[in-house]
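Just so we're aligned, residue 17 is where the sequence shown starts under this note's numbering, counting upward by one.
Virtual Cβ for every residue (Gly too), placed ideally from N, Cα, C.
This report refers to the structure that appears directly beneath it.
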Amino acid sequence: MDEWQEDRESLVDLFGRVRDDWIENDFSGWIGANRFYPGTADALKLSSSEAYIVTTKQSRFAEALLKELAGIDFPSERIYGLGTGPKVKVLQQLQQMLQHQGLKLHFIEDRLATLKNVIKEPALDNWNLYLVKWGYNTQKEREETEAIPRIQLIDLPDFSRQLK
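Set out below in structure tokens:
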């Protein structure tokens, strides 16, 4: 970005505007270009836990995908998307909420690097950490996870159980 004299915020804003235009002009095409990993939306639908979504997508897009692809009216106040800060900071905010005091919290993620960042933050030691066996990780990262005691590797049935 430095080489082209671009800053992250401007590019994120531009990407959001392009996506907004696509949605406005071809909503079904935009929806059709997205998908959930098989079984994940059903697990979220059947969840009895108070779940939060912490995503690198902008919140409005995550909310639209949940509603249109999965038929889930997920509360917008429980979606933390792009612009709400790094995931580590969002987890700190969540654990400080009064309703979460004294609870064991669970963070399910598909990027090993993100989980490693959580481990580096002592204030987040009370979180149970999980790396899913799908998404933005490789077989090598899943194997690496086996040597990190703090992170549990989970498959879809495990994911569904965590949400119940």
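Measuring CB to CB, does Gly3 end up less than 7 Å from Ser75? Because residue 3 is not part of the residues shown, which for the chain are 17 to 180, the question remains open.
Could you say if the region 121-128 and the region 170-180 meet the contact criterion of at least three C-beta pairs nearer than 8 Å? yes
Contact between the region 22-31 and the region 136-154 is defined here as three or more beta-carbon pairs at a separation below 8 Å; is this criterion met? No: the two stretches stay apart, fewer than three of their Cβ pairs being nearer than 8 Å.
With a Cβ-Cβ cutoff of 7 Å, do Val104 and Glu137 count as a contact? Looking up residue 104 in the sequence shown gives position 88. Looking up residue 137 in the sequence shown gives position 121. The Cβ atoms of Val104 and Glu137 lie closer than 7 Å to each other.
Residues near Asn53 in its chain [Cβ-Cβ closer than 7 Å; skip 5 each side]: Counting from one through the sequence shown, the residue named residue 53 turns up at place 37. Inspection of the sequence shows that residue 53 is occupied by Tyr rather than by Asn. Excluding sequence neighbours, Tyr53 sits near Trp150 and Gly151.
Let me check one thing: in DSSP terms, what residues is Leu121 bridge-paired to? As a working note, residue 121 is residue 105 in the sequence shown. Paired residues: Trp143.
Report all residues from its chain with a CB closer than 8 Å to the CB of Thr71; omit the five preceding and five following residues, and keep chain order. Looking up residue 71 in the sequence shown gives position 55. Cβ neighbours of Thr71 beyond the five flanking positions: Ala78, Ile95, Tyr96, Gly97 and Leu98.
Three-way DSSP call (helix, strand, coil) for Leu169 in this model: For the purposes of this step, residue 169 is taken as residue 153 along the sequence shown, with counting starting at 1. Three-state DSSP puts Leu169 in a strand.
Roughly how many angstroms lie between the CA atoms of Gly32 and Thr100, to the nearest whole one? Position 16 of the sequence shown, counting from 1, holds the residue named residue 32. Position 84 of the sequence shown, counting from 1, holds the residue named residue 100. Distance between the alpha carbons of Gly32 and Thr100: 15 Å.
Thinking C-beta only, is Ile39 closer than 7 Å to Glu12? The structure shown does not extend to residue 12, since the chain spans only 17 to 180, so no value can be given for it.
Hey, Leu172 and Thr161 are a contact pair by Cβ (cut 8 Å); roughly how many whole angstroms apart? The count along the sequence shown starts at 1 and reaches residue 172 at position 156. The count along the sequence shown starts at 1 and reaches residue 161 at position 145. At roughly 16 Å, the Cβ-Cβ gap does not stay under 8 Å, so Leu172 and Thr161 are not in contact.
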